[in-house]
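So the sequence shown is numbered by my numbering: it starts at 1 and just counts up by one. Where a beta carbon is used, it is the ideal one built from N, C-alpha and C, also for glycine. Following: one structure in structure tokens, then a few remarks.
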Amino acid sequence: MFHQFGATADSLSKASTIMFRIGTDAHLYDDPDDVSIPPLLDSKFDTEKCEALKRLLALIAQGFDVSNYFPQVVKNVASQSLEVKKLVYLYLLHYAEKRPNEALLSINYFQKDLGDPNPLVRAWALRTMAGIRLHDVAPIVVVAVGKCARDPSVYVRKCAANALPKLHDLRLEENAGGIEEIIGILLNDNSPSVVGAAAAAFASVCPNNLNLIGRYYKKLCETLPDVEEWGQIVLIEILLRYVIARHGLVRESIMACPFSKYCNSERDGLDADLVVKEDTNVVGSGEYQSKLLEIASKSYLEGSEKYLSYISYEDKGTFQSGFPKFTSAKNDDVKILLQCTSPLLWSQNSAVILAAAGLHWIMAPKEDLRRIVKPLLFILRSSGASAYVVLCNIQVFAKAMPSLFVSYSEDFFICSSDTYQIKALKLEILSNIATESSISVIFQEFQDYVRDSDRRFAADTVAAIGLCAQRLPNVANTCLEGLLALARPSSTIAESLNIETDSPGGDSIVLIQAIISIRSIIKLDPPRHEKVIVHLMRALDSIKVPTARAMIINMIGEYNSSGQLLPKMLTTVLKYLACCFPKEALETKLQILYAAVKVVLCAKGDDLCTLRKLLSYVLELAKCDRNYDVRDRARVMKKLLSQYICSFELVEEAQCVSDIENMSCLLAERFFLEKPKSMSTEPNNYRFYLPGSLSQIVLHAAPGYNPLPEPCSLTIDDSSYGSNIMKGGIPSDSYGVDDSERASGSSSDNSNSSDGSQVSEAGSSGSDVGDESGSASEGDENTGLLINFSDVGNTAYAQHNGNSQVTDSQSRPNDFGELMSNRALESWLDESPDSSQNAPETSSFQNSSARISIGAISGKVKPKSYALLDTVNGSGLRVDYVFSSEVSSKPSFVCLEVSFKNCSTEPKDKILLFDENTEGSQNNSEQASRKNESGDVKTLVPMEEIPYLEPGQSTTKIMEVHFHHHLLPIKLVLRCSGLKLPVKLWPDIGYFVKPLPMDDKEFFMKESQLRGMFEYNRRCTFIDHVKELKDDKGEISLVKDKFLVVCETLGLKMLSNANLSLVSVDMPVTTNHDDVSGLCSRFTCELLSNAMPCLITVTLEGHCSEPLSATVKVNCEETVFGLNLLNRIVSFLAEPPPLSS
């Protein structure tokens, strides 16, 4: 009627499509050859630029190459529009590697955006810079990441953490140390999201640098529950590795149980109740469990491939690297880790639950392991993929400790919606956790599973029944009845399912598996199951599956002499097999040959002659077989068994067999009758990997898989605990400037942290002393001295004019040509400069210096020892103390190493050093810390009493003391063998500080801020180097490098008398090799009382062979303390060196 309103299906479809596209960007994908993109990119309007950039990204998504627009896109990076910037950044990330030259043009804009007030812009800029995988811009990106790691925005700091793995992928060896230090800064962040990203960066960049984790261990544990879910997974693994490497396995855990049978319980700290108990009612059950625990423990620590490669039958219980070390579950680090991961067992993320369960499986005491069961079972109700992963791990737990899941067998019953892989895992778990009380219910389930239409699953069920029979001998007869019913080809099960038993896709696999299970049960006690073998023999005629027939024939030959009934039937069975031989399959023919040979070798009595004839007949048939394998085996057997199958008319001649025939007879018996040693193959069938890892799913070491570290293998690197020096040119903000953050580390951090002054500049890693150009690479441990050249004249000029900002070209030169002029290099080589050099240039050249790091100074630092009690006043007891470089966990406390030595001929007992006001009582810290009558705080952390000291024996104790004044001693009482001896403990202001690592740039900046009234100078004479330069004859040695000896001697003098951090050493470059004038050493420290920085500069003048004039400068905001520290430094520098003993 109204045709104009008519509508077809096609038009309605187009209309609906148009309606759905309204308000979307779907139109961007319509025209790939749009010619309007270049004008839009050059437009003045941001909306048009956004439209063009969106079209370019749509083309990229469709696979088109739009790199020809790169120059036009790059110029839009300076746009003020956030949307335009974001789209430009995405484009640049995609094409930066293809167009590196154009990408470099935008670096300046990125650096500018790093200072943008908007944190999103800063984060985008950093992410884009890190995504440009070019070695040319990598140093700039490292500096940018270091800057963003201290950004006030959490999002920017998280982007900085995510950028670190990208930098690491570039293999920037010179910046590796700097990247690790940035990770340390981010691990100490207060934001959980940043900590999670930093943990992922740590796992990718430096997973073995566990000393870095030790600094912030407790803080990381406390932050763990608040970290994002995927960060929790990585952080759990990192913390687990640290605890094991630091303290070892927990002796109360299930991982320690297998080692109790190899180790002395008292010696190794293993409790007697930790031994895995063997169940006397279950044959082999306890041994099987203990063996699997042992394999799992060793595979976790050494790697499954490595462990199984050297395991053998004789020494499979030995550890290639010795037995692991153990710690107690009451260890503070272990307790806090278990407490902080317990809430994660009920996380919403299945992977987090599995990671937390894996940690508790390895570290938790046995009695606490049940807490992981219900969370794991809860995951089974999630998706199929998650259920499969969890079942792979539950399978290991159930094998090693079946008692965990015994009460939850119903949770592993098969559901119709389960995949085959999940069904197979559940069957194996059920067979491992079945007990005599639950086996009836499980068998009822198995009966239904056997009727399943998936015959592969039914065969697995039959295998599970066999495993249950082996584990529970009391139900073996019941299992055999069911298995024999399945072994009958005309079983009711096959008939009900209308399955042909001889068809490859029918019930044949169930039949084969049933016979395999029967054979495994018979192997346990062959005489007891004689009737089962007879039953199978009678069913041979009806069983048509070749593999099943071959296995039955194999059992006949293997157990031909077992029992009384079986030997009587052998003749009849062999006649039947000889008749069927030509029609049999290859595998059946071979088993008939072996069975006939074994029967003849074991036969006795009247049937021997008949059996020999049957063997001869079978061998003749085999010689004519079509298969060459059968023919060859028959010929070999006939040659070996010539005595048994010779013609019986020549018996007298056969009695005169030669020695060769006797040897053939012995060889045949050796081949066919002697059973091989029962070598257990189970260790090779069980490959264990860390719970929750991909390797545990695929059962081989996946890329990136690492076993647990060796227990107690972590050597506490003092430089990593006490040093915050940035390596590779990244300045440090000392990781968190307030003391509360520094005190958040573990107790082990504080007790083991050494002064960064001794080892931070040259520790075992060979890192630099803070030179921001990264002059000492970490890999150069064995190269004596690492030297970088720099023009110190310009730096000194900038300092003199109050300008602390050092340009990049001065502080981090790019190459050797920029570091020094040719004329300065000629002077370094002792060549005369050109006469045409003008005066100003010569003066500038003479101020040049070499910045060095002293690589072996840490091992030579020897703190000065003071006598607390001599042998005369102590009745033979001598007590000395030295100020330790360790930093106490308590604020304003100083650590001392007190050594006690019994120099008398009588033993000393009950030795205790305590405050005279506490009357020797070991009270808590609140009772020990109080004020005396004068109002001064006197605190002594109670020392542990020394119960006994033999004559000539010595021991050392660490004490923590709070001196109320830097000049006045603390009066203490030493109790020994009932006597109370008063002693005085004198302070040393050089240890009222702790190391404050920093680089040169930060040193100069802080020095410029502490001038005027905060700067103090004194001069003294330094003579220690003279002794070191002289040889045995007392003359100046010509072999030693004089400058280096002076540098090392001065550094040792400073670090041996004060708790400082060495920043850098500037060595003058001059034509006079004896003139040391201008040598400058810089040290830093931080006051224990208020965390204020203190800078120390020592400049030497004079000749190496003579006493030197030293100018000591101290910059400190605390005027009184700075002056007293200056006096102390001048005092010990002027002291002559001790005489050699």
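Cβ neighbour criterion (16 or more within 10 Å) applied to residue i
i: residue 346; result: exposed
i: residue 863; result: buried
i: residue 402; result: buried
i: residue 598; result: buried
i: residue 525; result: exposed
i: residue 581; result: buried
i: residue 1090; result: exposed
i: residue 324; result: buried
i: residue 51; result: buried
i: residue 1126; result: buried
i: residue 89; result: buried
i: residue 715; result: exposed
i: residue 1131; result: exposed
Residue i versus residue j: straight-line alpha-carbon distance, rounded
i: residue 691; j: residue 349; result: 16 Å
i: residue 775; j: residue 1000; result: Note that residue 775 has pLDDT 33, beneath the 50 cutoff, so the model's placement of it is unreliable and the number below is only indicative. Near 12 Å, if we compare the C-alpha coordinates of residue 1000 and residue 775.
i: residue 539; j: residue 488; result: 7 Å
i: residue 1121; j: residue 99; result: 59 Å
i: residue 81; j: residue 46; result: 7 Å
i: residue 552; j: residue 241; result: 51 Å
i: residue 363; j: residue 395; result: 19 Å
i: residue 1117; j: residue 127; result: 40 Å
i: residue 1010; j: residue 227; result: 40 Å
i: residue 892; j: residue 101; result: 56 Å
i: residue 1104; j: residue 1096; result: 22 Å
i: residue 91; j: residue 186; result: 29 Å
i: residue 115; j: residue 61; result: 31 Å
i: residue 590; j: residue 520; result: 21 Å
i: residue 217; j: residue 181; result: 16 Å
i: residue 406; j: residue 380; result: 16 Å
Close beta carbons around residue i, own chain, < 6 Å, minus the five adjacent residues each side
i: residue 1128; result: 989, 990
i: residue 1168; result: No information on residue 1168 is available, as it lies outside the stretch 1 to 1141 that the chain covers here.
i: residue 417; result: none
i: residue 458; result: 450, 452, 510
i: residue 881; result: 866, 868, 896, 898
i: residue 361; result: 691
Neighbourhood of residue i by C-beta distance below 7 Å, restricted to the same chain and skipping five residues each side
i: residue 950; result: 902, 907
i: residue 1134; result: 1020, 1021
i: residue 123; result: 155, 156, 159
i: residue 600; result: 611, 612, 615, 644
Beta-carbon contacts of residue i that lie in its chain and below 8 Å, excluding the five residues immediately before and after
i: residue 434; result: 409, 442, 468, 471, 472
i: residue 522; result: 529, 532, 533, 555, 559
i: residue 203; result: 234, 237, 238
i: residue 1092; result: 1086, 1116, 1117, 1118
i: residue 564; result: 530
i: residue 527; result: 562, 563
Residue-level contact to chain D via CB, residue i, 9 Å cutoff
i: residue 231; result: Going by chain labels, chain D is absent from the structure shown, which holds only one protein chain.
The ligand FAD heavy atom lying under 8 Å from the CB of residue i
i: residue 863; result: Because no ligand of any kind appears in the structure shown, any question about the ligand FAD cannot be addressed here.
Handout entry: Three CB pairs or more closer than 8 Å across the segment 972-984 and the segment 1099-1118
Key = The segment 972-984 is not in contact with the segment 1099-1118.
Exercise for the section: Count the C-beta pairs between the segment 991-1008 and the segment 1056-1066 that are closer than 8 Å, then say yes if the count reaches three, no if not. Expected result: Taking 8 Å as the limit for Cβ pairs, the verdict is that the segment 1056-1066 does touch the segment 991-1008.
Problem - Contact the segment 998-1012 vs the segment 885-901: 3+ CB pairs below 8 Å - result: With a cut-off of 8 Å, the segment 885-901 and the segment 998-1012 do not count as touching, because too few Cβ pairs lie within range.
Practice task
Count the CB pairs spanning the segment 1071-1086 and the segment 1010-1021 that are closer than 8 Å, and state whether there are at least three.
Solution key: Because the criterion of three Cβ pairs below 8 Å is not met, the segment 1071-1086 and the segment 1010-1021 do not touch.
Exercise for the section: Scan the segment 166-251 and note each continuous alpha helix (DSSP H) run of 4 residues or more that stays entirely inside, going in chain order. Expected result: The segment 166-251 is shown to contain whole alpha helix (DSSP H) runs of 4 or more residues at 176-187, 192-205, 211-215, 217-223, 229-247, in chain order.
Exercise for the section: Ignoring anything shorter than 4 residues or poking outside the segment 686-717, list the alpha helix (DSSP H) runs there in chain order. Expected result: Qualifying alpha helix (DSSP H) stretches, in chain order: 694-698.
Practice task
Please determine if the segment 221-234 and the segment 295-303 are in contact, where contact requires at least 3 C-beta pairs separated by less than 8 Å.
Solution key: Short answer: they don't touch.
Handout entry: Cβ pair count under 8 Å reaching 3, the segment 1040-1052 against the segment 952-971
Key = Contact check between the segment 1040-1052 and the segment 952-971: fewer than three CB pairs, one atom from each, fall below 8 Å, which does not count as touching.
Exercise for the section: Taking only runs that begin and end inside the segment 556-608, name each unbroken alpha helix (DSSP H) of 4 or more residues, in chain order. Expected result: 565-580, 586-602, all fully within the segment 556-608.
Problem - 4-residue-minimum alpha helix (DSSP H) runs that sit fully inside the segment 46-125, ordered along the chain - result: Runs of the alpha helix (DSSP H) inside the segment 46-125: 46-61, 70-74, 82-95, 100-105, 107-113.
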